[in-house]
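According to the UniProt record's numbering, the stretch in the sequence shown is residues 1 to 319, in order.
Just so it is clear, CB atoms sit at the ideal spot from N, CA and C, and this is done for glycine as well.
Predicted model only: the values in this text are computed from it and were never measured.
Note sheet for the following structure.
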Amino acid sequence: MRSFTGTENYAFPTHTDIVQRICQFRQGLSVLSGTIKNREFEPIILSTNTCDTNRGSRLDLLILIKSAIIYRSRRATIRNLWANNHCWGQLNVRHVFVLGTMKNTSSLWSKLIQQEYRLFGDLIQGNFIDHYYNNTHKMIFAIRWAVAFCPETRWILFVDDDYFVDTRLVSNFLTQLDPRLTSRLLIGNVYAASPVYRRGIDRSKWTVSYSLYPYHTYPKFVPAGFFLLGTDLALDIYVGSRYTRFFPFDDVFLGLIMNKLLLRPTHKSEWRMQTSAQFRTNQSFACHGVITSTQQQIYWKAAHLHSMCLHTVDQLSVL
1 MRSFTGTENY AFPTHTDIVQ RICQFRQGLS VLSGTIKNRE FEPIILSTNT
51 CDTNRGSRLD LLILIKSAII YRSRRATIRN LWANNHCWGQ LNVRHVFVLG
101 TMKNTSSLWS KLIQQEYRLF GDLIQGNFID HYYNNTHKMI FAIRWAVAFC
151 PETRWILFVD DDYFVDTRLV SNFLTQLDPR LTSRLLIGNV YAASPVYRRG
201 IDRSKWTVSY SLYPYHTYPK FVPAGFFLLG TDLALDIYVG SRYTRFFPFD
251 DVFLGLIMNK LLLRPTHKSE WRMQTSAQFR TNQSFACHGV ITSTQQQIYW
301 KAAHLHSMCL HTVDQLSVL
């Protein structure tokens, strides 16, 4: 019987039969043996009832918004626009903001975050420093939380807090998907055979050493700032992450795990990352680089997305 350790083109440690481990995990057996240590970051803030529903129905969508402690104003705006659970038409939606810590977190910031959590209850925070090269830790922390506390949701949407999201277009996209296929999909704007930047040759934050990654290209991956993940696959990815050596770029790390599972991400051009200059109202699913409340509201009003809200939002929440 063939073991699932990934394709030979992009074999990456550890060389463990992940599918066998996933089967064991789903049977309730322990899979801790052989896992990479120091991968589980303890939660500082842990919302456990986010996905409880009064309707008693299954959630359609869980939005995991990657943010940082200092971006309180971004969160305040987003809560009342595309992260508003009532502004997705008939979809049953929940959201949380995913945070790490600061290198020197003052008592003031800690109090402000605790206050924000008490007011809105939509934060989860892991005990890792928020840094570009820790985005992989943040992503896996979020997936771990989602599969533990929101296992019944159909979809998980990952978004960075400097994005604007068109709730109508994404909602329409989700309702048109075949429900028989969705739980095992990873959907985004797929990058294929992306070149690897090398230290000493390229000047880029994306440079890596040969010792960490010996290949000239990466396996197929989707940008981590905006992608859609089926919940069943999320569980497999979490288990797979426990047997995959750390890689600093979260989107590539996700691609390496998919390669180990012998799966490919699904390309949809609608999920292409758009800048403000490229963004077209009612055509683009999302826009990257939207960092002010004014920009968010301009796009929201231009797309007439208030009509998607089941309850009117009169004003933005202010912390």
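Look at residue 133 here: in three-state DSSP terms it is helix. For residue 66, the enclosing beta strand (DSSP E) covers residues 61-66. For residue 287, the three-state secondary structure derived from DSSP is strand. Restricting attention to 88, 213, 249 and 72, the CA atom closest to the CA of residue 292 is found in 72. Between residue 277 and residue 27, the alpha-carbon positions lie close to 50 Å from each other.
Rounded to the nearest angstrom, the Cβ distance from residue 45 to residue 93 is 21 Å, too far for a contact under 8 Å.
Residue 213 sits in coil when the DSSP states are folded into three classes, being neither helix nor strand. At a Cβ-Cβ threshold of 8 Å, residue 161 and residue 220 do not count as neighbours.
The closest CA to that of residue 156, considering only 229, 169, 116 and 264, is found on 229.
In the three-state reduction of the DSSP assignment, residue 143 falls in the helix class. Taking residue 215 as the centre and dropping the five residues before and after it, the same chain places the C-beta of 9, 10 and 196 closer than 8 Å to its C-beta, in chain order.
Counted as a single uninterrupted DSSP element, the alpha helix (DSSP H) harbouring residue 77 occupies residues 72-79.
Minimum Cα-Cα distance from residue 257 among the listed residues 139, 169 and 267 corresponds to 139. Excluding sequence positions up to five before and after residue 36, its CB lies within less than 8 Å of the CB of 14, 242, 243, 244, 245 and 246, all in the same chain and listed in chain order. Distance from the CA atom of residue 171 to the CA atom of residue 233, rounded to whole angstroms, is 20 Å.
Contact check for residue 151 and residue 281: beta-carbon distance about 36 Å, past the 8 Å limit, so the pair fails to qualify. Residue 91 holds the alpha-carbon nearest to the alpha-carbon of residue 153 among 12, 91, 283 and 70.
By the C-beta criterion, the region 299-309 is judged to be in contact with the region 73-87, since at least 3 inter-stretch pairs fall below 8 Å.
The continuous beta strand (DSSP E) containing residue 160 extends over residues 155-160.
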